[in-house]
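Step one of this worksheet: look at the structure below.
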Amino acid sequence: MKYLFMLSAFLLLGSVAWTSQSGNKPTTITRQAWADSVKKDPETGLAVDTNLPLIKAHCTACHSSKLITQNHFTRTGWVDKIRWMQKYHKLWDLGPSEVAVLDYLEKYYGPSKQTFDGRRKPLEKPSWYKL
1 MKYLFMLSAF
11 LLLGSVAWTS
21 QSGNKPTTIT
31 RQAWADSVKK
41 DPETGLAVDT
51 NLPLIKAHCT
61 ACHSSKLITQ
71 NHFTRTGWVD
81 KIRWMQKYHK
91 LWDLGPSEVA
101 VLDYLEKYYG
111 PSKQTFDGRR
121 KPLEKPSWYK
131 L
């Protein structure tokens, strides 16, 4: 019984190996993906730009860059977050560099403009029914 099992396993493996070398090209299934054309800083994962040193100095001095990458606020939203950090977390006045910081955040981490990625989008105005 043991030899019969080994013989059948050997024949099965041999037939699989023989069919894989028969010269037929394997069928390749490809999926179209959107490539991110923005270069990322290997240290922080933030978009590489001339204003990146300002972001590193003012933002990642206190928190992880992931806090930036996971949020996509409008310019007004970023201003609100900066004011909130200044009020409650002792963020210093950014001075004249605030405009450059906001330009960077709005350009790379503004509201998402990507196409639909296959998952269901959140409902904008859900209509609830009475139970």
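So for the sequence shown, my numbering puts the first residue at 1; every next one is plus one. Built from N, CA and C at the ideal position, the CB exists for glycine as well.
Three-state class that DSSP yields for residue i in the structure shown
i, result
"Lys56", "helix"
"Leu130", "The sequence shown places Lys at residue 130, not Leu. Reduced to three states, the DSSP call for Lys130 is coil."
"Lys40", "strand"
"Ala47", "strand"
"Thr76", "helix"
"Thr90", "In the sequence under discussion, the amino acid at residue 90 is Lys, which differs from the Thr named in the question. The answer is coil: DSSP assigns Lys90 none of H, G, I, E or B."
"Leu123", "coil"
Close Cβ partners of residue i (< 6 Å) along its chain, the five nearest in sequence each way excluded
i, result
"Ala47", "Val38 and Tyr108"
"Leu105", "Trp78"
"Ser65", "Thr44, Gly45 and Leu46"
Contact set for residue i: own chain, Cβ-Cβ below 7 Å, skip 5 residues either direction
i, result
"Lys81", "Phe73"
Residue closest to residue i, alpha-carbon to alpha-carbon, out of the options
i, options, result
"Leu91", "Cys59, Lys125, Ile55 and Ser65", "Cys59"
"Pro111", "Thr69, Leu123 and Ser64", "Thr69"
"Asn51", "Leu102, Arg119, Pro122 and Met85", "Leu102"
8 Å contact criterion, which residue i and residue j should meet: CB distance rounded
i, j, result
"Ala100", "Leu54", "6 Å"
Inter-stretch contact at 8 Å, needing at least 3 Cβ pairs: the stretch 37-48 / the stretch 72-79: The stretch 37-48 is not in contact with the stretch 72-79.
Under 8 Å, with one C-beta from each stretch per pair, do the stretch 92-99 and the stretch 121-129 reach the 3-pair mark? No, the stretch 92-99 is not in contact with the stretch 121-129.
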